[in-house]
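This report concerns only the one structure given below.
There are 2 protein chains.
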Amino acid sequence: MTRTAKNTRRALPKEVRKEQLIQATVRCIAKHGLSGVTMALVTGEAGLSMGIANLHFKSKDKLLLETLQFVTEEYAQGQNAILDSDTVASTADKMAALLEFDFSPGVTEKNKLAVWFAFLGEARSRPTYRRICSRQDAKADEKIAALFQRALDEAGDKKADAALLASGYIALVDGLWLNSLVDPRRLPWKKAYRSARHYLASAFPQHISLDQ
Amino acid sequence: MTRTAKNTRRALPKEVRKEQLIQATVRCIAKHGLSGVTMALVTGEAGLSMGIANLHFKSKDKLLLETLQFVTEEYAQGQNAILDSDTVASTADKMAALLEFDFSPGVTEKNKLAVWFAFLGEARSRPTYRRICSRQDAKADEKIAALFQRALDEAGDKKADAALLASGYIALVDGLWLNSLVDPRRLPWKKAYRSARHYLASAFPQHISLDQ
DNA sequence: GCAATAAATGAATGACCATTCATTCATGGG
DNA sequence: CCCATGAATGAATGGTCATTCATTTATTGC
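Chains as they are written, first to last, in this note's numbering: chain A, 11 to 222; chain B, 11 to 222.
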C-alpha cells in the first residue's frame with residue numbers, strides 16, 4: 011500500500027509516462043521475447059497498474075509499434091548526426107565515426123538489439139513492422155553509398171562498386187550484431203568490431219587502418 | 011465430408027505425419043510469424059484435425075522445437091557435405107561450393123529463412139532455441155576457419171587472421187539473408203550473392219575471382 | 001469376416017490475457 | 001478550503017487458444 015515510489019501517483023505528464031512504458035516494454039521484450047510480453051508484465055515492470063498501457067497507447071499493438079519506432083529512430087538519429095554533419099568531418103573521419111558508432115555501447119546494448127531483432131523476426135509477416143524498419147534504412151543505404159563513393163573517388167579507385175560495398179557493410183554489421191547478441195561467447199563484441207573494421211580497411215585502405 | 015485427400019484417413023505412418031506437420035508449421039511461421047501460429051492454423055494448413063499435432067508432438071512447444079531442429083539440420087547437412095568431402099575438392103573448389111550453397115534456392119527459400127530468423131529473434135529469451143541454433147554453428151565456425159586457414163597457407167599469407175575472416179563471412183551471409191528476406195527490393199538476391207562473393211574474392215584473391 | 005489395435009477426429013475444458021470501466025485519488029483554480 | 005478535472009487503478013469481462021479425451025474409423029492378424 012505504501013510503496014516508496016508509489017506515494018506520488020498521477021504526478022507525471024503524458025509524455026513521461028509513455029516513455030516509461032516504452033522502456034519497460036524494451037526490457038520485457040528482451041527478457042521474455044516478443045511472443046512472451048503481456049500487458050501485465052509490461053505495466054508491472056514499469057511499477058504501474060494494468061490499465062495504464064491501454065490508457066496511453068489505446069492497444070497492445072500500438073504500444074509495440076511505438077516501441078519499435080522508438081528504438082529505430084534513436085539509432086537513425088545517431089547515425090544521421092554523423093552522416094549529415096557537413097561542418098567538420100573528412101571522409102575518413104566520417105567512416106571511422108560510423109564504425110565507432112555502430113559498436114558503441116549505446117547501440118550494442120543488449121536490450122535494444124534484442125528488440126530490434128525480435129521485430130525483424132516477425133517483419134516478413136507484419137507489413138507495419140517492415141515499413142518501420144525499412145523507412146530509415148533506405149535513406150541510410152544511399153547516404154552510406156555516397157560516403158563510400160567519395161572515398162573511392164579520393165583514392166582514385168574507379169573499379170569498385172560503392173553501392174555494393176555499402177550493402178555489404180550494412181549486412182555485415184547486422185550479422186555481427188545478431189551473432190554477438192545470440193552467443194557472445196562464440197563471437198565476442200571485440201571480435202565483431204575487429205571484423206567490421208577489417209571489412210572497411212580492406213575496401214578503403216587509404217581511409218581506415220587495420221589496427222586500433 | 012468426402013474431400014479427395016481425406017478418404018484415406020489413418021493410412022500414414024508416424025514419421026510421414028510428423029514431417030507433414032513440420033512442413034505445415036514452416037509455412038505457418040512464414041505466413042503468420044512465430045507469435046501468430048496456432049495449433050488450429052498448423053493442423054488446418056496440413057489438412058488434418060486439431061488434435062493431431064498434440065498426438066504426435068505432445069505439445070505446441072515441442073512441435074516448434076522440432077521444426078527449428080528440422081530447418082537447422084537440413085542446412086547443416088548440406089554445409090557439411092561440402093566441408094567434409096575429402097574425396098574431391100581443392101581448397102578453392104570448396105570455397106566456391108560453400109558460396110554457391112549459401113545462395114542456392116534450397117537455402118534462400120523464403121519460408122525456411124523466415125523460420126530461421128523468427129526463432130533467432132526469440133533466441134535470447136529462450137535458451138532452448140539458442141542451444142539448437144548454436145550447436146551446429148560452433149562446429150561450422152571451426153571448419154570454415156580451417157578451410158580459410160588452408161587457403162591463406164596456400165597463398166603464402168602469414169598476416170591475415172583466418173578465424174576473423176570466418177566469423178566475418180558467416181555474419182555477412184546472415185546479414186545478407188536477413189536484408190534480402192525483409193526487403194528484397196532494397197537488396198535483391200543477386201546483389202547479396204555478389205556482395206558475399208566480393209568478400210571472399212577480396213580476402214582470397216588467388217582462390218575466388220570477382221566475376222561470374 | 002471379425003476382433004483387436006492404433007490413428008485420427010473435433011467438441012468440450014480450462015487457462016491465460018487484452019481490454020474495459022466504475023471507482024479512487026492527486027492536483028490546481030476559485 | 002472545496003470542488004472539478006482527469007490520471008491512475010485493478011477487478012471483472014469476454015475472447016482466444018492449447019490441450020484433453022470419448023468417439024469414430026482405418027488397419028492388421030487370425
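By construction, the Cβ of each residue, glycine as well, lies at the ideal position given by its N, Cα and C atoms.
> With a cut-off of 9 Å, does the C-beta of A/His42 fall near any C-beta of chain B?
Replying inline: yes
> Going by the CB atoms, is the gap between B/Ile154 and B/Leu191 shorter than 9 Å?
Replying inline: In this structure, B/Leu191 lies away from B/Ile154, with their beta-carbon atoms at least 9 Å apart.
>> Let me check understanding here. Comparing Cα to Cα, which of A/Ser144, A/Thr53 and A/Leu123 lies closest to B/Arg195?
In response: A/Ser144
> Is the shortest distance between the beta-carbon of A/Lys120 and the beta-carbons of chain B less than 9 Å?
Replying inline: yes
>> Spatial neighbours of A/Tyr209 within its chain, please: C-beta separation below 8 Å, excluding the five flanking residues on both sides.
In response: Gly178, Tyr179 and Leu182
> Using a C-beta cutoff of 9 Å, does B/Lys201 count as contacting chain A?
Replying inline: yes
> Secondary structure at B/Ala150, three-state DSSP: helix, strand or coil?
Replying inline: DSSP, reduced to helix, strand and coil, places B/Ala150 within a helical segment of the structure shown.
> Which residue from B/Gln89, B/Met105 and B/Asp103 puts its Cα closest to that of B/Gly116?
Replying inline: B/Gln89
> Mind pulling the alpha helix (DSSP H) runs of 4 or more residues that sit fully within the region 34–65 of chain A?
Replying inline: List check, alpha helix (DSSP H) in window: 49–55.
> For the alpha helix (DSSP H) that A/Thr118 lies in, which residues bound it at each end?
Replying inline: Pro115 to Thr118
> Sorry if obvious, but does the Cβ on B/Gln79 come closer than 8 Å to a heavy atom of the ligand ATP?
Replying inline: With respect to the ligand ATP, the structure offers nothing, as it holds no ligand at all.
> For the alpha helix (DSSP H) that B/Lys168 lies in, which residues bound it at each end?
Replying inline: Segment: none, B/Lys168 is in no alpha helix (DSSP H) and carries neither H nor E.
> Does A/Glu132 come within less than 9 Å of chain B when only Cβ atoms are used?
Replying inline: yes
> How big is the Cα-Cα spacing for A/Ala161 and B/Val125?
Replying inline: 38 Å
>> Tell me which residues of the region 146–158 of chain B have at least one Cβ-Cβ distance to chain A shorter than 9 Å, keeping chain order.
In response: Asp147, Ala148 and Asp151
> What do you reckon, are the CB atoms on A/Ala133 and A/Gly43 nearer than 9 Å?
Replying inline: Their beta carbons are not under 9 Å apart, which means A/Ala133 does not touch A/Gly43 by this criterion.
>> Buried or exposed for A/Ala50, going by 16 or more other Cβ atoms inside 10 Å?
In response: exposed
> Which of the three DSSP states, helix, strand or coil, is assigned to A/Ser95?
Replying inline: coil
> So is B/His217 in contact with chain A if we call contact Cβ pairs under 9 Å?
Replying inline: no
>> Between A/Ala165, A/Ala206 and A/Leu65, which has its C-alpha nearest A/Lys24's C-alpha?
In response: If we check each option's Cα against that of A/Lys24, A/Leu65 comes out closest.
> Straight-line CA distance for A/Lys41 to B/Trp187?
Replying inline: 26 Å
>> What does the Cβ neighbour count give for B/Gly131, buried or exposed, with the cut at 16 atoms within 10 Å?
In response: By the neighbour-count rule (16 or more Cβ atoms within 10 Å), B/Gly131 is buried.
> Looking at the structure shown, is B/Lys68 part of a helix, part of a strand, or coil, going by DSSP?
Replying inline: coil
>> Using the three-state DSSP reduction, which class does A/Pro137 fall into: helix, strand or coil?
In response: helix
> If you draw a straight line from the C-alpha of B/Ile142 to the C-alpha of A/Asn189, how long is it?
Replying inline: 14 Å
> CB-CB under 6 Å to A/Ile39, same chain, minus the five flanking residues each way: which ones, in chain order?
Replying inline: Val47, Val125 and Ala128
> With 16 other CB atoms within 10 Å as the buried threshold, where does B/Ser275 fall?
Replying inline: Examination of residue 275 of chain B is not possible in this model, given that chain B is present from 11 through 222 alone.
>> Counting only Cβ pairs nearer than 9 Å, list the residues of chain B close to A/Gly61.
In response: From the beta-carbon of A/Gly61, no residue of chain B is found nearer than 9 Å; the closest lies around 23 Å away.
> Is the beta carbon of A/Ala86 less than 9 Å from the beta carbon of A/Ala150?
Replying inline: yes
> From what residue to what residue does the alpha helix (DSSP H) around B/Asp112 run?
Replying inline: Thr101 to Asp112
>> Here's the rule I'm using: 16 or more other beta-carbon atoms within 10 Å means buried, otherwise exposed. How should B/Val98 be labelled?
In response: exposed
>> Among A/Pro215, A/Ser205, A/Asp167 and A/Gly166, whose alpha-carbon lies nearest the alpha-carbon of A/Gly185?
In response: A/Ser205
> Is the distance from the Cβ of A/Ala56 to the Cβ of A/Gln33 below 9 Å?
Replying inline: yes
> Of the residues that make up the region 167–178 of chain B, which ones have a beta carbon closer than 7 Å to any beta carbon in chain A?
Replying inline: Of all residues in the region 167–178 of chain B, Leu174, Ser177 and Gly178 have a Cβ within less than 7 Å of some Cβ in chain A.
>> Between A/Leu78 and chain B, is any beta-carbon pair separated by less than 9 Å?
In response: At a cut-off of 9 Å, the C-beta of A/Leu78 has no neighbouring C-beta in chain B.
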